[in-house]
Structures are given as C-alpha cells and as structure tokens.
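Since the structure comes first, as structure tokens, the remarks are kept for the end.
Residue numbers (this note's numbering): 456 to 526.
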C-alpha cells in the first residue's frame with residue numbers, strides 16, 4: 456500500500472488511509488516518509504495490484520466501491 460501511495464496526492468492518500476485503522480494508516484504514512492526513491496514502474500505495478508484486489512473483492516460482493524452508480 457505504501458508503495459502505491461508514494462506518488463498519490465494528499466486527497467487520494469487521505470481517502471484510502473481513512474478506510475483503515477488509525478494505527479495502520481500511521482504506519483503506512485511512516486513507510487512513505489522513510490521510503491527511498493522508487494522507479495515509476497514499481498509504483499505503477501503496486502497500484503495495479505491494488506486495483507486487481509479491489510475489483511476481485513467487489514465482484515465477490517465483499518466490498519462496494521460505488522462504481523458506475525457514483526458517476
């Protein structure tokens with residue numbers, strides 16, 4: 456999660472970190488702060504893995520993202 460959020464703006468970080476426990480969110484923020492430089496390719500790969508997990512959980516009915524209804 457930290458890698459995928461490294462280049463995300465504050466709005467995106469706040470939205471995603473707001474959906475996990477405060478302790479977990481603080482841990483992720485610390486990881487981002489202390490993380491060294493990463494290749495954009497690594498960040499994009501991490502983001503893609505998260506997208507895949509979200510889509511799978513949504514298709515299994517485990518989570519709701521709003522999808523097209525939110526548009």
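Beta carbons: idealized from backbone N, C-alpha and C, even for Gly.
As the structure is a prediction and not an experimental result, all values here were calculated from the model.
| said: I need the boundaries of the alpha helix (DSSP H) containing residue 493, first residue and last residue. | reply: Premise fails: residue 493 is in no alpha helix (DSSP H) and is neither H nor E.
Can you have a look at residue 512 and say buried or exposed, based on whether 16 or more other CB atoms are within 10 angstroms of its CB? In this structure residue 512 is exposed. Its beta-carbon is surrounded by fewer than 16 other beta-carbon atoms within 10 angstroms.
Query raised in the report: So residue 480 and residue 472 are in contact, right, with Cβ under 8 Å, and what is the actual spacing, rounded?
Result: Indeed, because the Cβ distance is near 4 Å, the residues count as touching under 8 Å.
task: Would you kindly report the start and end of the unbroken alpha helix (DSSP H) that includes residue 469?
output: 465-472 is the extent of the alpha helix (DSSP H) around residue 469.
**OP:** Hey, could you find the ends of the alpha helix (DSSP H) residue 459 is sitting in?
**Re:** Per DSSP, residue 459 belongs to the alpha helix (DSSP H) from 457-460.
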